[in-house]
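Trainee: Under UniProt numbering, the sequence shown has 278 at position 278, and the numbering climbs by one with no breaks. Dropping the structure in here first, questions after.
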Amino acid sequence: MGSPYYRDMDEPISPAGGGHHRSRSATRAPTHSMEYPREQLRTRYQSLDRGLVDPHDREFIPIREPRDRSRDRSLERGLYLEEELYGRPPRQSPGHMSTVRPNPGMPDRGYLGDLQVQNNDLQRELGNLKKELDLTNQKLGSSMHSIKTFWSPELKKERALRKEESAKYSLINDQLKLLNSENQKQAMLVRQLEEELRLRMRAPNIEMQQQMEALYAENEHLQREISILRDTIKELELRIETQKQTLQARDESIKKLLEMLQSKGMGKEEERQMFQQMQALAQKQVRP
């Protein structure tokens, strides 16, 4: 597949130079592109008419037809196919091969040996990392066990406290829910009562109107009676004042009479009789 004698991966191509005889071993391409030295790889980019023989035994043939260019392209495709088959990335120049392997004549076995050595080194590192991971896991397990054994009573206390707190919070939440429901019910009752009052104020009943009229009439009657009583009280107060004045005048007259009787020398019995008569007259005048 990677030979320069195959055009477009399917059509075989014979060499163009008829003057020189080439054996099968000389014209056949190797199985891997890495087996060529750098000079042979450079010759593969030349025309197929020149062949892969010694450059001193052949002549330079210029490229005159587009067919030769197609042959050169088939050579490049063969190189790329060989690079893909043997693990090299596509579109890699032969100069990059020299950076990978400083010795161009070195076989593929050395390259595979290097890969195996690298693989062995990586496996060793992986084993060491696994051992370190196991040790760290053991240390972590022991530390966790010690932490659990040391902090277990305190953790139990904290869990018990958390359970109690959660129970308290649940009770408080239940109480809040009940209070909210009761508040909602009371708010609904208040709204209903307000609506009933509005309806009654808009359309009052006949009985209520009659009761209100009776109450208004009673109130007016009582106010009239109160005014009459106030007038009578004023009249009585005036009468009492006049009677007081008359009594004071009579007392003064009685005192004067007693003084006169004492000056004339009348007896005690007569004085008593006169005093009794004066009291009787005063009582008669005080009574209405």
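Virtual Cβ for every residue (Gly too), placed ideally from N, Cα, C.
Check whether the Cβ atoms of residue 208 and residue 200 lie closer than 9 Å to each other.
Mentor: By one-based count along the sequence shown, residue 208 stands at place 208. By one-based count along the sequence shown, residue 200 stands at place 200. Result yes, Cβ atoms of residue 208 and residue 200 sit closer than 9 Å.
Trainee: Report the rounded CA-to-CA distance for residue 218 versus residue 183, giving the unit in angstroms.
Mentor: Numbered from its first residue, the sequence shown carries residue 218 at position 218. Numbered from its first residue, the sequence shown carries residue 183 at position 183. The straight-line gap from Cα to Cα measures roughly 43 Å.
Trainee: Just the C-alpha distance for residue 156 and residue 165, rounded to the nearest angstrom, thanks.
Mentor: Here residue 156 refers to the residue found at position 156 when the sequence shown is read from its first residue. Here residue 165 refers to the residue found at position 165 when the sequence shown is read from its first residue. About 14 Å.
Trainee: Leaving aside the five residues before and after residue 278 along the sequence, list all residues of the same chain whose C-beta is less than 8 Å from its C-beta, in chain order.
Mentor: Position 278 of the sequence shown, counted from the first residue, corresponds to residue 278. Closer than 8 Å at Cβ, skipping near neighbours: 250, 254 and 257.
Trainee: Only counting runs of 4 or more residues, tell me where the alpha helix (DSSP H) segments fall wholly within the stretch 163 to 230, in order along the chain.
Mentor: Listed in chain order, nothing qualifies, since the stretch 163 to 230 has no complete alpha helix (DSSP H) run of 4 or more residues.
Trainee: Would residue 173 be called buried (16 or more neighbouring beta carbons within 10 Å of its own) or exposed?
Mentor: For this step, residue 173 is matched to residue 173 along the sequence shown. Flag for residue 173 reads exposed.
Trainee: In angstroms, rounded to a whole number, what distance separates the CA positions of residue 259 and residue 252?
Mentor: Taking the first residue of the sequence shown as 1, we reach residue 259 at position 259. Taking the first residue of the sequence shown as 1, we reach residue 252 at position 252. In a straight line, the C-alpha of residue 259 is about 11 Å away from that of residue 252.
Trainee: Using only the alpha-carbon positions, how far apart do residue 248 and residue 228 sit?
Mentor: Looking up residue 248 in the sequence shown gives position 248. Looking up residue 228 in the sequence shown gives position 228. Looking at the two C-alpha atoms, the distance is approximately 31 Å.
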